[in-house]
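Here is the structure we will look at.
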Amino acid sequence: MNPYDGPVIVKEEFPGEGVIVPQPVEGLHESGPPPFLTKTYDIVDDVSTDEIVSWSRGNNSFVVWDPQAFSTTLLPRYFKHNNFSSFVRQLNTYGLER
Numbered sequence: 025m026n027p028y029d030g031p032v033i034v035k036e037e038f039p040g041e042g043v044i045v046p047q048p049v050e051g052l053h054e055s056g057p058p059p060f061l062t063k064t065y066d067i068v069d070d071v072s073t074d075e076i077v078s079w080s081r082g083n084n085s086f087v088v089w090d091p092q093a094f095s096t097t098l099l100p101r102y103f104k105h106n107n108f109s110s111f112v113r114q115l116n117t118y119g120l121e122r
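Just so we're aligned, residue 25 is where the sequence shown starts under our numbering, counting upward by one.
Below, the structure is given as structure tokens:
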């Protein structure tokens, strides 16, 4: 019998004490920003849509210049809806405000 076959059982040195299980580094399995934020960034950062939505002068916020065109043209291209109110509500869940 090969000693490397099957599970290896290790005797506890001090029975009854809690076993410390190694944990992955925090954030190791995170895959980046949520898709909603990535898509929103892509919409705003696209210079071809600047007449509808663009960055503010300070580049620290964005302005929807034409909410109707934003709803009918851009939202359905990136999301499963064309509801501007739903988009704003989703922004609010990430702490972004009007």
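Glycine included, every Cβ here is placed at the ideal spot set by N, Cα and C.
Report the option in the options whose CA atom is closest to the CA atom of residue i.
i, options, result
"N84", "L99, V68, H105", "V68"
"P59", "S109, N107, F103, T97", "F103"
"N106", "D66, L115, T64, S95", "S95"
"V77", "R113, T117, F108, G119", "F108"
Which of the three DSSP states, helix, strand or coil, is assigned to residue i?
i, result
"S80", "coil"
"F103", "coil"
"D69", "helix"
"L120", "coil"
"S95", "helix"
"P57", "coil"
"D74", "coil"
Could you please give the first and the last residue of the uninterrupted beta strand (DSSP E) stretch that includes residue i?
i, result
"V87", "86–88"
I need the boundaries of the alpha helix (DSSP H) containing residue i, first residue and last residue.
i, result
"L115", "108–117"
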